[in-house]
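Below you'll find the structure, written out as structure tokens, and then a few comments.
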Amino acid sequence: MNNVSKHYDLLIENGNDPVLDCKELADYMDKWDGKEFINLLNLDTSKEVLEIGCGTGRITKKIISQCKTYVGIDISKKTIDIARKHFGNFNNAFFHNEDFLDYKTNQKYDVIYSTLTFMHIKEKVKALNNVFNLLKRNGKFVLSIDKNQQGFIDTGYNKIIIYPDNPTSICNILANLSFVKITIKEIEKAYIITAQRS
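The following block contains the structure:
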């Protein structure tokens, strides 16, 4: 994950902040995690929410006022620093700079979600087991995965190895971990998987 962290740190150094995207770019990104994705989170102000791979807060800004507590995790320190600046005036927002595979807490969440992040995680079973353990009973997991994944991302200055997500294999892992109500919804650029902790 070190190359991943360096890549996203470099994007920040070059002024790339998705929270500040123009409308056209924001609309384009919504093809992975727009209104349909947000609706599947089924949020209300009683829910405690965890985002895996929050970046600078592109999704955070859409949901922060719809939940009791929001926690964002990202492996890039520079993106977390920017997220803290964007949402520092919200007393329900907390950001952690760490690898999700190492994230430990006694807190349990009503909703855990991730978009365009799991492709960077090699150990899918470990990550999804961590999701299961962090969810409250009957808690919901929502995952958006890119339809068009190859074995690497060519940034022009670096090739980042990715670990493509397969919706069927993700659903099988979820079922083996005792998740229930597993669904796959296909949208323009992504598959959105939802599952409930038993």
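Each residue of the sequence shown is one higher than the one before, starting from 6 at the first, in this note's numbering. Heads up, the beta-carbon is just placed ideally off N, CA and C, and yes, glycines get one too.
Item: Need the endpoints of the beta strand (DSSP E) that E53 sits in, please.; Value: E53 to I57
Item: Measure the C-alpha to C-alpha separation of T120 and M34 and round it to an integer number of angstroms.; Value: 11 Å
Item: How is N111 classed by DSSP in three states: helix, strand or coil?; Value: coil
Item: Do you know how far the Cα of E29 is from the Cα of S51?; Value: 33 Å
Item: Distance check for K152 and K194, CA to CA, integer angstroms please.; Value: 6 Å
Item: In or out: Y168 buried (at least 16 other Cβ within 10 Å) or exposed?; Value: exposed
Item: According to the neighbour-count rule (16 or more other Cβ atoms, all chains shown, within 10 Å of its Cβ), is E191 buried or exposed?; Value: exposed
Item: Whose C-alpha, out of I197, L140 and Y196, is nearest the C-alpha of F184?; Value: L140
Item: Going along the chain, which residues of its own chain have a beta-carbon closer than 6 Å to the beta-carbon of I85, five neighbours each way excluded?; Value: D79, F100 and N102
Item: By alpha-carbon positions, which one of Q155, R89, V76 and S149 ends up nearest to Y196?; Value: S149
Item: Counting only runs that start and end within the segment 83 to 160, where is the alpha helix (DSSP H) found for 4 or more residues in a row?; Value: 129 to 139
Item: What residues are listed by DSSP as bridge partners for F184?; Value: R202
Item: If you measure from the beta carbon of L45 to each beta carbon in chain E, is any gap under 8 Å?; Value: Considering every chain present, this structure includes no chain E. It has just one protein chain.
Item: Going by Cα to Cα distance, which pick from G62, D107, N96 and N171 is closest to N134?; Value: D107
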